[in-house]
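K.L.:
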Amino acid sequence: MTQLYLFALASQHNRWLSARQATVATNVANANTPGFKAQDVTPFDAVLDSTRIAMTASDPKHLSIGDIKQKDAETLNGQDSWEVTHSGNSVNLEQELIKAGEVGRDYRLNANVVKTFHRMLLASTKV
-13 MTQLYLFALA SQHNRWLSAR QATVATNVAN ANTPGFKAQD VTPFDAVLDS
37 TRIAMTASDP KHLSIGDIKQ KDAETLNGQD SWEVTHSGNS VNLEQELIKA
87 GEVGRDYRLN ANVVKTFHRM LLASTKV
């Protein structure tokens, strides 16, 4: 049986979500601290790009990665913060609550994908 990368990927995504949740919580906790700059973690797409898994071809007729034309993603420039107060604090509670909601949604999605894949594996091994 070949190695399953889905569980390792889900584990890595959960670690990233945990770091993002801690960062959002720090931002919310320092919402009234003068001079505090809002922070965020590197997007998970960038984490995935740094740990690429190479495609394997078991048959010479398989497509190579060079045959597929890919469009590069556009990068966002500029500060992502919505506002800066007169005290120099750049934390926006509405923005941080949106991020916290995204983290919760991504946790649930990740758990549901792993649960479904686990059920599929159990069903395939049942006799």
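Numbering (the working numbering), first residue to last: -13 to 113. Idealized CB from N, CA, C, for every residue including glycine. Just so it is clear, the structure is predicted and the values come from calculations on it, not from any experiment.
Can you look up Q25 in the DSSP assignment and give me helix, strand or coil?
P.N.:
The answer is coil: DSSP assigns Q25 none of H, G, I, E or B.
K.L.:
Buried or exposed: which applies to A(-6), given that a residue is buried once 16 or more other Cβ atoms fall within 10 Å of its Cβ?
P.N.:
It counts as exposed.
K.L.:
Any idea if S110 is buried or exposed, counting beta-carbon neighbours within 10 angstroms, 16 or more meaning buried?
P.N.:
Looking at its Cβ environment, which holds fewer than 16 other Cβ atoms inside 10 Å, S110 is exposed.
K.L.:
F103 to S73, Cα distance in whole Å?
P.N.:
Their Cα atoms are separated by approximately 49 Å.
K.L.:
On a Cα-Cα basis, can you pick out the residue from V33, L(-8) and K23 that is closest to W2?
P.N.:
Here the closest residue by C-alpha is V33.
K.L.:
Between which residues of its own chain and N16 is the CB-CB distance below 8 Å, once the five residues before and five after are set aside?
P.N.:
So the list reads F22, N75 and V77, once near-sequence residues are dropped.
K.L.:
State the start and end residues of the unbroken alpha helix (DSSP H) segment that holds N13.
P.N.:
Segment Y(-9) to A15, the alpha helix (DSSP H) holding N13.
K.L.:
By how many angstroms is the C-alpha of E80 removed from the C-alpha of Y(-9)?
P.N.:
Going from the Cα of Y(-9) to the Cα of E80 covers about 36 Å.
K.L.:
Can you give me the Cβ contacts of V99 inside the same chain, cut-off strictly under 8 Å, excluding the 5 residues immediately before and after it?
P.N.:
Contacts found: L(-8) and A(-4).
K.L.:
Using a 10 Å radius around the Cβ and a threshold of 16 neighbouring Cβ atoms, would you call N18 buried or exposed?
P.N.:
It is exposed - the Cβ of N18 has fewer than 16 other Cβ atoms within 10 Å.
K.L.:
Which of the three DSSP states, helix, strand or coil, is assigned to V70?
P.N.:
DSSP places V70 in coil when its eight states are reduced to three.
K.L.:
Let me confirm a value: A11 is counted as buried when at least 16 other C-beta atoms fall within 10 Å, else exposed. Which label applies?
P.N.:
With fewer than 16 other Cβ atoms within 10 Å, it is exposed.
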